[in-house]
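Residue numbers (my numbering): 466 to 1025.
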């Protein structure tokens, strides 16, 4: 019993794999509603007793197929309308030689058909496996695309965060700059105070130098006064020595006068005695002696008076000089004491100024050290913030690079998915187009006399169709691999370095979005071109069907 599908006799090609599995592998639902039925013509294989081939019609659906369908594959291949006509012709009495020839041709056709079906079965199994692997790859790529989209969304969310962080860092940097500026102003004020202290110190140093000069001048005057005092002392000693000398001389003169007086008295006494003795002889000597005595007394009185006057004069002069020198010495001593007091006061002031200067220098040094420590701390903080800002920029560049890489990977995956989609659509179009089985099934419609020629044509076409299909699949896979390699090369060329700035990354993202839009437009144009090609193929298919219908009509006319 044979089953013929009224819709398309080339639909069932494989006896082992139903059409539902093939349709399921390409993503179509093989189960139509139960109301959809197909008319099936059932014929008894072989010749009946009435000398003809009996046939009957039946309806089958996808949900409830005919149970005898797998067993029907063991008979002859499905015949079309021409086979029924041919059976009507064979119902007439024929000769035994024609029957044997027909049986031999049928056996040869069945053997060739079996070998061809086994080859087609193996090829279709390989194609189904490849198609299943392609579908699995597409599902994996879609999952990867979803993961990449989620990562891209996370990166976009993270991309908004560093902007706030950058604003915070900039605000903190501005505060630190303000603190540095304030520290600089404080340093300037401290330097101004230090300059004022230096001016005060210079004034004190000038006063100190003036006091040192005054002290040197006072020391000079003191030395001069000391020299004057020494000279006065020396002159006093000399005067005292002269007084002593004069006193000694006065004593000597007194002694001399006394000795002379004694001599004169002795002489006078002797003269008196002589005069007394000589009075008798010379009574006029006493008067002469009295005259001499008077003269000597006058001379001694005059010498004594002159010596006393000279001594008094000398004593007065020496007393006046001593009093004058004593007053000058006293003045010098008073002046020296005053200078000592002033010098001591100046030394105390100098010591106080030195202590103040040392304290100011220590304070200035402490302020400078404190400011240097604060400045170093601020510089360290600024350098740390700059390092953090640089690290954030590097992270931003790295995120942009990762974003760029993800975009490139997404573009490559989109291109690959588009290529696989194109390949799948092409395969679907090829599966929807007439399969190789339709050619030889239609060729069976002809008369047995033309069976050998049409079977050879059928075998050539059926053997050539898998080769064409495999070559198309191979060229499509090569095109897909070339597209993927080109996208990877474009990704490698378009990957930015870590040192690019944010603006360049944004510009590149914009450019890539533009390129992506252009590529999408190109893909849309390619899809339109593919649709046009599909329409052309459908038109060609219709032309082929018309030609087959014409051939069938010719065969019908020939058998009639």
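Glycine is no exception: its CB is placed at the ideal position from the N, C-alpha and C atoms.
Have a look at residue 721 and residue 758 and give me their C-alpha separation to the nearest angstrom.
16 Å
Decide if residue 880 is buried, meaning its Cβ has at least 16 other Cβ atoms within 10 Å, or exposed.
buried
C-alpha distance - residue 590 paired with residue 989, whole-angstrom precision
32 Å
Alpha carbon to alpha carbon, how far is residue 584 from residue 882?
Computed Cα separation, rounded: 31 Å.
At the level of alpha carbons, what is the spacing between residue 541 and residue 980?
Because the pLDDT at residue 541 is just 41, under 50, the model does not fix this residue reliably, and the value given afterwards should be weighed accordingly. Taking the straight line joining both Cα atoms gives about 58 Å.
Sequence-distant residues of the same chain with beta carbon closer than 8 Å to residue 856, five excluded per side
none
Decide if residue 582 is buried, meaning its Cβ has at least 16 other Cβ atoms within 10 Å, or exposed.
buried
Using beta-carbon positions only, say whether residue 680 and residue 811 come within less than 8 Å of one another.
yes
Could you compute how far the alpha carbon of residue 983 sits from the alpha carbon of residue 610?
20 Å
Of the residues 642, 621 and 682, the one placed nearest residue 804, counting alpha carbons only:
682
Can you give me the Cβ contacts of residue 704 inside the same chain, cut-off strictly under 6 Å, excluding the 5 residues immediately before and after it?
783
For residue 665, which of helix, strand or coil comes out of DSSP?
helix
In or out: residue 642 buried (at least 16 other Cβ within 10 Å) or exposed?
With fewer than 16 other Cβ atoms inside 10 Å of its own Cβ, residue 642 counts as exposed.
Please classify residue 875: is it buried, with 16 or more other beta-carbons within 10 angstroms of its beta-carbon, or exposed?
buried
Tell me which residues share the same chain as residue 839 and place their Cβ nearer than 6 Å to its Cβ, disregarding the 5 neighbours each side in the sequence.
648
Buried/exposed call for residue 778, threshold 16 Cβ in 10 Å:
By the neighbour-count rule (16 or more Cβ atoms within 10 Å), residue 778 is not buried but exposed.
Is the separation between the beta-carbon of residue 898 and that of residue 1006 shorter than 8 Å?
Annotated as proximal: residue 898 and residue 1006, with beta-carbon spacing under 8 Å.
Residue 807 to residue 673 span [Cα, whole Å]
12 Å
Three Cβ pairs or more, each shorter than 8 Å: is that satisfied between the region 816–825 and the region 608–622?
no
Beta-carbon separation of residue 793 and residue 697 under 8 Å?
yes
Residue 898 by DSSP, collapsed to three states: which one?
coil
Alpha-carbon spacing of residue 604 relative to residue 878, whole angstroms
For residue 604 and residue 878, the distance between alpha carbons rounds to 12 Å.
Pair within 8 Å by beta-carbon distance, residue 869 and residue 973:
A Cβ-Cβ contact shorter than 8 Å links residue 869 with residue 973.
Taking Cβ to Cβ, would you say residue 651 is nearer than 8 Å to residue 849?
Going by beta carbons, residue 651 and residue 849 fall outside the 8 Å limit.
Where residue 547 falls: helix, strand or coil (DSSP):
Residue confidence is low: residue 547 scores 42 on pLDDT, short of 50, so the model does not pin down where it sits. Its coordinate-derived value is still stated next. DSSP places residue 547 within a helical segment (H, G or I) once states are collapsed to three.
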